[in-house]
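Residue numbering for the sequence shown follows my numbering, beginning at 617 and increasing consecutively.
Positions of the beta carbon are idealized from the N, C-alpha and C atoms, including for glycine.
Report on one structure; see the data block that follows.
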Amino acid sequence: MHRSVIFLAAGFFAVVSTRADNPWRERADRFLNWVNVGYQALYHIESEAQWKALTDVKKEHDAAAEVAGKARAAFNGSPAVIEESKALLAHASELTDLQRRQLRRVLLNAAEGPMTQPALVKERIATETTQASTLNGFQFKLDGTNVIANDLDRILQTSARLEERRKAWEASKATGPALKPGLVKLQRLRNGVAKEMGYADYFALQVASYGMEPHEMLSMQRAFMDELRPLYRQLHTWTKHELAKKFGQPVPKLIPAHWINNRWAQEWSGLAAAAQWDRYFTNRSPDSITKTAEAFYTGMGFPRLPDTFWMRSDLFPVKPTEDRRKNSHASCWHIDLNQDIRSLMSVEANPWWFYTAHHELGHAYYFMAYTRREVPPLLRIGANPAFHEGIGELISLAASQTPYLRKTGILPEDFKGDETGELLETALSHSIPFIFWASGTMTHWEADLYAHSLPPEKWNERWWQYVREFQGVEPPGGAGPRGEAFCDAATKTHVNDNPAYYYSYAIATVLKFQFHDHIARKILRQPPQRCNYAGSRETGQFLRQMLEAGGTRDWRELLRETTGEDLSTRAMREYFAPLMTWLEKQNAGREIGWD
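Structural data, given as structure tokens:
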């Protein structure tokens, strides 16, 4: 592995020496051609190793992933690569826009592992590998019995017994203490690599992918919450009254976390009876769910997925007869930045996995769209990190629309939906509480972790301060503290393996409603609350226009060009306007909110 890095570096010096008298544009072109070849090759090797580590959790697979990660970091962060990129960007005005974008991406990649500090990078990679192994291989227990995450989720989604729910919720938090020591190290190591490349901290490094400063990102997230807070307060009030009635309890000020159907209270599904459609999936196979998702895209004019997608993906839960453990978090992978595209899921026959399958294939089709000669491997990424999630979330929203579900045969043809109930389910499950979790709790806690070096002895206290402040939720047992022996933030996968990123999901949520509003009103000429993308080639063309660009365009310009407006919650507020009117009537006479 390291021999290949040395060989590539030798090639770089040979290239530089042959063009000492060439114009800057030619010099950049040759350098970037070399970087793209090395980057793609090592990305492929590391992705294969990481895929194996997540689909078959074993120490030897973790070790292989660590070796591959070190090799890619050695190339991406090599002093020669950093030096040449900076030298070329010093003459940015003489370069093409595509060259400038690639060079900035080279430096962002280098900042994840600058080999000007090899010991620091080596320690970070080793610590992250151990952290991933602890997370992926963790054995949950409930009343002394081994269970998986899906079992705990099922209890939170279905049980009417508060004691059983509380036990499941507490069992789900057992990963925190196991992960805290590694996260303590990673706080220091991630900030260390960021500072080596001139960033104030790791949060600042991650936000730089948007061309923004940390204060700008935090301001954007607060603006999202300010604009949506009236709707969230109405939803919170309605929800706690419904849950109190369901569990036979007094109406609380803050919602106890184990009352909600999600381990982090990031989505509040299961409360809109009119939109509980599990029974319509009982005769569906998990395989049919993934095939239906593919058909959604082909109906809009996209090609079929490569045969290798079906051969190499890991789409279904591990069978009891299999001797392996796998990561339970749904994801989609561009293994070689070319045609090897895979998905890791645990699909079951229910609405959640139906929407998730549509979402994950959104990533796959994004990969396929920008994998073309005009987009170099360095820029085979979303227009910004949120665009990828925004497209996935857009298709998940489209997949939940009643007309589409009727067309696929999941809902009967004579199905008469309840628009208010469906809006309520969409708001609770996929949108409004999620913004306050993502923009509020996650983004602000991780900003504190990295930008303000929040000490470990205050992690859990600050976490629950934000959960109460932003989400209006408290731990089981009331206002008493959950001590620092717990590390409830670390129970969220992303804190460990996709850090200082969660604001991207909030931006993606806002984007999905902007995209959806444009498609419904301007292309389909249908109401956004009830529309059907299936078979619309014009919708497919609109999407391809965005997807094919990859990272070659400024995301703000691309958004304005395709939708005609800047990033805004306008479409969200208009989508849920009928629900807001209904909630205000339902909550008449009630105390609104929790503060």
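Taken through DSSP and simplified to helix, strand or coil, Phe756 comes out as strand. In this chain, Thr1042 is not harboured by any beta strand (DSSP E); it is covered by the alpha helix (DSSP H) spanning 1035 to 1046.
The straight-line gap separating the alpha-carbon atoms of Trp893 and Thr743 is approximately 43 angstroms. DSSP places Val963 outside any alpha helix (DSSP H), giving it a letter other than H or E. Taken atom to atom, the span from the alpha-carbon of Gly978 to that of Lys1108 is near 23 angstroms. Of the candidates Leu719, Ala794, Trp854, Pro639, the residue whose Cα lies closest to the Cα of Lys1201 is Trp854. Per the C-alpha coordinates, the member of Val1089, His1060, Arg770 positioned closest to Trp1075 is His1060. Here Glu710 is exposed, its C-beta having fewer than 16 other C-beta atoms within 10 Å. The way I'd put it, the region 825 to 842 doesn't touch the region 740 to 758; fewer than three beta-carbon pairs between them come closer than 8 angstroms. In the DSSP annotation of this structure, the continuous segment of the alpha helix (DSSP H) that includes Ser835 starts and ends at 830 to 863.
Under the Cβ criterion (8 angstroms, minimum of three pairs), the region 982 to 989 counts as touching the region 1164 to 1173. If you ignore the 5 residues before and after Gln733, its C-beta comes within less than 8 angstroms of the C-beta of Gly808, Val809, Glu812, all in its own chain and listed in chain order. Counting every other CB atom within 10 Å of its CB across the protein chains shown gives Val653 a total below 16, marking it as exposed. Residue state for Thr937 is assigned as coil, using DSSP reduced to three classes. With contacts defined by Cβ atoms closer than 8 angstroms, Tyr1191 and Pro1115 do not form a contacting pair.
For Asn762, the enclosing beta strand (DSSP E) has its first and last residue at 761 to 763. Here His1068 carries a coil assignment [DSSP, helix/strand/coil]. In summary, Thr1155 is buried, with 16 or more beta-carbon neighbours lying within 10 Å of its beta-carbon over all protein chains present.
By the 16-neighbour rule on beta-carbons within 10 angstroms, Glu1207 is exposed.
A buried status is given to Gln822, since no fewer than 16 other beta-carbon atoms sit within 10 Å of its beta-carbon.
Shown here, Glu1090 sits in a strand according to DSSP, grouped into three states.
In the structure shown, Trp949 adopts extended strand secondary structure according to DSSP, grouped into three states. About 4 angstroms separates the beta carbon of Tyr1082 from that of Thr1057, a gap short enough to meet the 8 angstroms contact definition. Counting along the chain, no alpha helix (DSSP H) covers Met1058, and no H or E run does either. About 18 angstroms separates the beta carbon of Ser885 from that of Leu778, a gap too long to meet the 8 angstroms contact definition.
Sequence-distant partners of Glu662 (beyond 5 residues in either direction) whose C-beta falls short of 8 angstroms from its own C-beta, in its chain, are Ala681, Ala684, Gly685, Ala687, Arg688. By the criterion of a C-beta distance shorter than 7 angstroms, Thr908 is surrounded in its chain by Thr1024, once the five residues flanking it on both sides are discounted. Straight-line spacing of the CA atoms in Asn878 and Ala765 works out to 11 angstroms. Between Gly693 and Met731, the CB-CB gap stays under 8 angstroms.
Restricting attention to Met1196, Arg716, Asp1034, Gln747, the CA atom closest to the CA of Glu642 is found in Arg716.
From the listed residues Asp952, Val697, Ser959, Ala703, the smallest Cα separation to Pro933 is found for Ser959. Annotated three-state conformation of Pro734 is helix, per DSSP.
Minimum Cα-Cα distance from Phe970 among the listed residues Arg996, Arg900, Ser929 corresponds to Arg900. In this structure the region 1003 to 1014 does not touch the region 851 to 868; the number of beta carbon pairs closer than 8 angstroms is below three. Under the 8 angstroms Cβ criterion, the region 1127 to 1141 does not count as touching the region 693 to 705, having fewer than three qualifying pairs. Under the three-state reduction of DSSP output, Ile1208 falls in the coil class, being neither helix nor strand.
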